[in-house]
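>
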Ligand code: NAD
């Protein structure tokens with residue numbers, strides 16, 4: 028246990044604020060050194076992290092590399108390469124009325140940040156925001172999720188050894204509540220909407236800005252113009268990574284009735300190709316984070332079947348083992364239980380709809396999702412989906428990757444969150460964009476705008492503005 032874990036949050040935050048106020052975090056060299064430290068930690072302790080992720084979520088080492096440490100290393104590399112140019116003051120043009128003058132925008136760090144992460148990608152979602160926080164010259168308190176305790180413990184032990192200006196505080200709701208009483212200069216929260224409201228309420232007491240990365244039901248539209256087998260493979264993969272506990276996973280499929288029927292055997296085969304006929308025995312298939320979570324999914328499937336859904340593949344669960352089989356449900360009605368909440372598990376409902384119009388209506392009837400996917404070769408359909416629906420991000424023919432590319436901003440809209448980050452978007456989100464103007468005293472071109480506004484001056488102001 029590190030000291031900061033037992034210290035009052037107020038003391039930890041004060042220490043980080045003093046460090047920020049000392050100015051050490053501002054030079055580019057300090058920022059790059061911390062990014063290098065983080066990178067060294069990820070490379071040097073890959074095994075520790077993989078073991079922790081396997082214990083918490085049954086993730087295979089390869090999947091951990093792919094979806095946690097690998098994407099982080101790429102985020103760090105990209106940020107490291109471009110940070111100098113992102114931080115350079117940006118000269119902007121000066122309108123003729125203000126001439127002669129110079130104007131620029133300078134990014135300055137905000138101060139102390141709080142990053143609160145969920146359990147599903149407990150490394151990527153804690154350290155991803157940290158990359159941006161450090162690159163922008165901030166100090167940060169990290170609060171890992173108590174629901175991935177092994178990973179939290181490893182990160183609390185390692186991060187302070189490799190990175191300066193960062194403290195990791197582990198613990199449960201009590202610790203989060205204590206942390207939220209303190210004043211920060213920015214909070215990044217990733218998780219569900221219920222806690223997001225608690226976070227935003229706490230932030231409001233100090234007028235602290237927030238980035239909220241939430242979830243929701245991300246739809247995927249599939250029509251008959253596409254290669255259904257190829258689409259089914261991508262859909263099955265993206266749904267079953269991390270056993271479905273992915274905020275940007277396709278939550279449900281929308282398809283015309285004939286396509287919906289054609290997808291059934293293709294999805295079933297795609298599942299078997301990846302995880303064999305008994306996924307419980309596959310080393311590559313993960314587990315639910317908790318028995319409660321497994322029980323919730325088991326119930327959700329049973330209730331949906333009772334409401335008319337049909338199991339195409341899977342349907343089994345072993346709650347004590349935190350196992351839920353990859354499950355595809357067909358003939359799912361829009362008002363089925365499985366459509367009433369974010370699934371966040373390996374259950375994929377296929378909802379038949381008459382056409383694209385009906386699909387768009389259904390999407391628009393719910394909260395704005397974190398992601399929207401479509402598998403179609405019809406450019407008109409893609410155009411309509413882009414224009415007529417709103418979502419955090421869009422993936423055509425490829426789910427998930429919009430959330431991992433460091434060159435794209437990632438975030439939600441409406442019910443799926445506010446603000447975005449990753450790469451340059453992080454540096455902008457976690458900095459103050461400070462406008463700086465310099466206008467020489469001479470020539471005094473603004474003499475004309477000072478009262479008294481007699482005839483000539485009045486005419487001049489009217490002409491200038
Ligand atoms: P969680 O239960 O681990 O909670 C997240 C954080 O909130 C934890 O650090 C926890 O300590 C804290 N917390 C929990 N209860 C609290 C309380 N009462 N007061 C103060 N703090 C509290 O995670 P979760 O909410 O189960 O995460 C799953 C959700 O996160 C899903 O809805 C998913 O879609 C969403 N998610 C979003 C993204 C994204 O990037 N947009 C990524 C992953 C997950």
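Residue numbers (this note's numbering): 28 to 492. Heads up, the beta-carbon is just placed ideally off N, CA and C, and yes, glycines get one too. The structure displayed is predicted, hence computed values, not measured ones.
(1) Do residue 387 and residue 409 have their C-beta atoms closer together than 8 angstroms?
(2) Just to confirm, are residue 164 and residue 266 a CB contact at a threshold of 8 angstroms?
(3) Can you tell me which of 428, 395, 430 puts its alpha carbon nearest to the alpha carbon of residue 413?
(4) Would you say the segment 283-295 touches the segment 432-441, given that touching needs at least three Cβ pairs under 8 angstroms?
(5) Say yes only if the C-beta of residue 420 is nearer than 7 angstroms to one or more non-hydrogen atoms of the ligand NAD, and no if none qualify.
(6) Counting only runs of 4+ residues fully inside the segment 245-283, write out the alpha helix (DSSP H) ranges in chain order.
(7) Taking 7 angstroms as the cut-off, is the C-beta of residue 170 nearer than that to any heavy atom in the ligand NAD?
(8) I'd like to check one pair, residue 139 with residue 40: are the Cβ atoms closer than 8 angstroms?
(9) Give the DSSP-derived three-state secondary structure of residue 134 in the structure shown.
(10) Looking at the structure shown, is residue 337 part of a helix, part of a strand, or coil, going by DSSP?
(11) Are the C-beta atoms of residue 210 and some chain D residue less than 8 angstroms apart?
(12) Kindly examine the ligand NAD and report whether one of its heavy atoms sits closer than 7 angstroms to the Cβ of residue 203.
(13) According to DSSP, simplified to helix, strand and coil, what is residue 463?
(14) Report buried or exposed for residue 72, applying the criterion of at least 16 other Cβ atoms within 10 angstroms of its Cβ.
(15) Which residues in the same chain have their Cβ closer than 7 angstroms to the Cβ of residue 263, if we skip the five residues on either side of it in sequence?
(16) If the criterion is Cβ atoms closer than 8 angstroms, does the pair residue 261 and residue 235 meet it?
(17) When the Cα of residue 46 is compared with those of 192, 401, 253, which residue comes out closest?
(18) Can you tell me whether residue 240 sits near the ligand NAD, meaning its C-beta is under 7 angstroms from at least one heavy atom of the ligand?
(19) Compare the C-alpha of residue 458 against each of 255, 373, 418, 137 and name the closest.
Once the coordinates are examined:
(1) no
(2) no
(3) 395
(4) no
(5) no
(6) 255-267
(7) yes
(8) yes
(9) strand
(10) strand
(11) This model lacks chain D altogether, as it is built from one protein chain only.
(12) yes
(13) strand
(14) buried
(15) 294, 297, 298, 301
(16) no
(17) 192
(18) yes
(19) 137
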